[in-house]
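Have a look at the structure below before the remarks.
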Amino acid sequence: MSTSSHMYPMSSGHDQHSYIHNSSYQKAAISSAVEKTRRCIFEKLDLQLSSDFGTFRIADFGCSIGPNTFHVAQSIIDTVKSKRLEESTENSLVPLEFQVFFNDQPTNDFNTLFRTQPLSPEREYFSVGVPGSFYGRVLPRNSIHIGHTSYTTHWLSKVPDNVCDKKSMAWNKNYIQCNNLLEEVTKAYKVQFIKDMEIFLDARAEELVPGGLMIVIGECLPDGVSLYETWQGYVMDTIGDCLMDMAKSVR
Ligand SMILES: C[S@@+](CC[C@H](N)C(=O)[O-])C[C@H]1O[C@@H](n2cnc3c(N)ncnc32)[C@H](O)[C@@H]1O
């Protein structure tokens, strides 16, 4: 079994198991951050620098197959348009066109993504698919005005090696996740996360134009709270127990 996350995209197609019908939790989290995102765009985005040649470029890293990514793109576009109207400089007389780059792993179901995207004129942007790991560059230097990613950075580039090594102190023997019960396991995941985040942020820093913005949304734990103490940790540990039982039954 591969320990690389690249082998496991979200469920494809449109049936009841598809990500399309199983992503309302992520949608709720994205919606709860809309106001903050809007404020951030209004306060921090430098429109003078970023709307060169009349094309405004947005990228969603780890977009999956929708529909959340479409809501994200439209919400960012609406906010940029409002900001532009409010600032109403000479530049805002030139109609702005939008281009949205949809990035995910090459194994993602891009066919479903593009088949289910809103139709124009409801869709106010030109779409581009960008297959490739966001743990590295996937777009040209200085090409993006706003980058967005939601519910993605917990997908590490790989399971830390020592977590799967029976001889290591960090062997995560009875669990399928880092639930913070074992200190060595927590440390191993932390080291991998720091490495991955550095690569992720370095790549985005090159891809964004100066004055652009990167929006990162995901689930975090307050300091001092362990995952096993939360309902999310509890649910994952229960699923883990079931998987362990299933694996033992076929030995
Ligand atoms: C839980 S989904 C989130 C989808 C969407 N952003 C949302 O909020 O609904 C996580 C997505 O991240 C993608 N992903 C994970 N690791 C990735 C990587 N290294 N490069 C690009 N995409 C990745 C997965 O394929 C998956 O589609």
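Using the numbering used here, read the sequence shown as starting at 7 and increasing by one per residue.
Idealized CB from N, CA, C, for every residue including glycine.
Note that this is a predicted model, so its numbers are computed, not measured.
1. How long is the line joining the alpha carbons of S232 and F76, rounded to whole angstroms?
2. Can the beta-carbon of E93 be found closer than 8 Å to that of H160?
3. List, from N- to C-terminal side, the alpha helix (DSSP H) runs of 4 residues or more that fit wholly inside the segment 173-241.
4. Mind checking whether the beta-carbon of S70 lies closer than 7 Å to any heavy atom of ligand 1?
5. With DSSP collapsed to three states, give me the class of D115.
6. Closest to I83 by C-alpha separation, out of F132, S70, G142 and D110, would be which residue?
7. Does ligand 1 have even one heavy atom less than 7 Å from the beta-carbon of P166?
8. Which same chain residues end up closer than 8 Å to V134 when comparing Cβ atoms and leaving out the 5 residues on each side of it in sequence?
9. With contact counted as at least three CB pairs below 8 Å, one residue from each stretch, are the segment 115-128 and the segment 14-34 in contact?
10. Which word fits P146, buried or exposed, when buried means at least 16 other C-beta atoms lie within 10 angstroms of its C-beta?
11. Any chance the segment 150-167 sits against the segment 216-223, with 3 or more Cβ pairs inside 8 Å?
12. Step through the CB atoms of chain C and report whether any lies within less than 8 Å of the CB of F76.
13. Specify the secondary structure class of V86 as computed by DSSP and reduced to three states.
14. Run through DSSP, which three-state label would Y244 get?
15. Going by C-alpha to C-alpha distance, which of K89, Q111 and S126 sits closest to D52?
16. How should H151 be labelled, buried or exposed, when 16 other C-beta atoms within 10 angstroms of its C-beta is the threshold for buried?
17. Which residues in the same chain have their Cβ closer than 7 Å to the Cβ of L174, if we skip the five residues on either side of it in sequence?
Taking the definition as stated:
1. 33 Å
2. no
3. 189-213
4. yes
5. coil
6. F132
7. no
8. Q105, V106, F107 and F108
9. yes
10. exposed
11. yes
12. In the structure shown, chain C does not exist; there is a single protein chain.
13. helix
14. Checking the sequence shown, residue 244 turns out to be Thr, not Tyr. Correct three-state label for T244: helix.
15. K89
16. buried
17. It should be noted that the sequence gives Ser, not Leu, for residue 174. Excluding sequence neighbours, S174 sits near N168.
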